[in-house]
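Numbering (this note's numbering), first residue to last: 1213 to 1511.
Below is one structure; the comments refer to it alone.
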């Protein structure tokens, strides 16, 4: 159902010009600001405005976004309450969700995947250094501009502070948060997770971008839940018939998907660096890795 009821209104200086869409918690508008120009404005859905946990989570998304400044993270401009509405104003990122781009384009060449992973890895590293674990990494939460080959991370809605006391959590113990297809196995217990959970999710995104498939084939949440806890992911070179990668590419991705934390990469920076190095060997020899990585089209 179209939840647009605010187009034409001005919220805290942001004139809402176009309804973009809505998720489970907020409605998104394109807006114009006299100083910042085009922006995206999220408005907490009215049915959640009286829910203290929903409001606190919405404000926490804004606070976390404001704590991190990086070229590959969508900037947070303003947030607060205006005439009874909880709002969050963000940088308007050109392009489309990465999920939609892959849906339309199919699986991507390793050299282009490397460029995306490099950018998102850098964004996550900045977030982790600011003490923030994202916890909801997925292609739908990455804005991608095909013309510029730029990727920007967004949506800190269920992120958490790495230093947060357990009693301050917004999720009950025993419940996981995130998107099941991309969450790390340790998340399923509902316990506090660390940076390595984002490593796992980034490795899953990498796997998906390379193959158009996911490392587990569960047809429903129950099957997927069980597979994540008890089975090894499908090897990268077995994911899609006729699509194969050098050993270094497969080994890097699969190490990122290790259930055993002692075997998984410790940081997203380590994973991104290792994957890009492996993709360098996959690039056309005549131009080398950097030539292939930055040429128009990226494939």
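We put the beta carbon where it would ideally sit given N, CA and C, even for glycine.
Between the alpha carbons of residue i and residue j, how many angstroms are there, rounded?
i	j	result
residue 1219	residue 1300	16 Å
residue 1225	residue 1288	15 Å
residue 1313	residue 1292	32 Å
residue 1454	residue 1320	14 Å
residue 1491	residue 1461	6 Å
residue 1308	residue 1359	11 Å
residue 1385	residue 1264	Annotation note: pLDDT 40 at residue 1385 (below 50); position unreliable, no value reported.
residue 1260	residue 1407	30 Å
residue 1480	residue 1459	20 Å
residue 1326	residue 1366	19 Å
residue 1336	residue 1223	30 Å
residue 1477	residue 1468	6 Å
residue 1439	residue 1424	19 Å
residue 1221	residue 1228	6 Å
residue 1393	residue 1426	7 Å
residue 1266	residue 1338	26 Å
residue 1482	residue 1249	37 Å
residue 1417	residue 1230	30 Å
residue 1448	residue 1486	16 Å
residue 1437	residue 1243	40 Å
Considering only the alpha carbon of each residue, which of the options lies closest to residue i?
i	options	result
residue 1400	1304, 1423, 1433, 1288	1433
residue 1284	1240, 1343, 1363, 1250	1363
residue 1216	1457, 1241, 1236, 1223	1241
residue 1412	1234, 1317, 1323, 1329	1329
residue 1488	1248, 1332, 1271	1332
residue 1357	1348, 1311, 1336	1311
residue 1442	1295, 1243, 1471	1471
residue 1464	1237, 1247, 1414	1414
residue 1342	1279, 1266, 1417	1279
residue 1297	1448, 1255, 1446, 1440	1255
residue 1306	1355, 1323, 1322, 1258	1355
residue 1252	1267, 1266, 1233	1233
residue 1286	1344, 1303, 1294, 1391	1303
residue 1316	1473, 1235, 1236, 1421	1421
residue 1294	1282, 1322, 1258	1258
residue 1344	1475, 1466, 1410	1410
On the DSSP bridge assignment, give the partners of residue i in chain order.
i	result
residue 1223	1226
residue 1242	1230, 1252
residue 1356	1308, 1363
residue 1285	1365
On the CB-based measure, 16 or more other CB atoms within 10 Å of its CB, does residue i come out buried or exposed?
i	result
residue 1262	exposed
residue 1395	buried
residue 1269	buried
residue 1431	exposed
residue 1493	exposed
residue 1353	buried
residue 1334	buried
residue 1347	buried
residue 1161	Because the chain here runs from 1213 to 1511, residue 1161 falls outside it and cannot be looked at.
residue 1273	buried
residue 1398	buried
residue 1239	buried
At what residues does the beta strand (DSSP E) containing residue i begin and finish?
i	result
residue 1298	1297 to 1303
residue 1420	Here residue 1420 belongs to no beta strand (DSSP E); instead the alpha helix (DSSP H) covers 1407 to 1423.
residue 1276	Segment 1264 to 1279 is the alpha helix (DSSP H) holding residue 1276; no beta strand (DSSP E) there.
residue 1293	1288 to 1294
At what residues does the alpha helix (DSSP H) containing residue i begin and finish?
i	result
residue 1437	1433 to 1442
residue 1464	1459 to 1468
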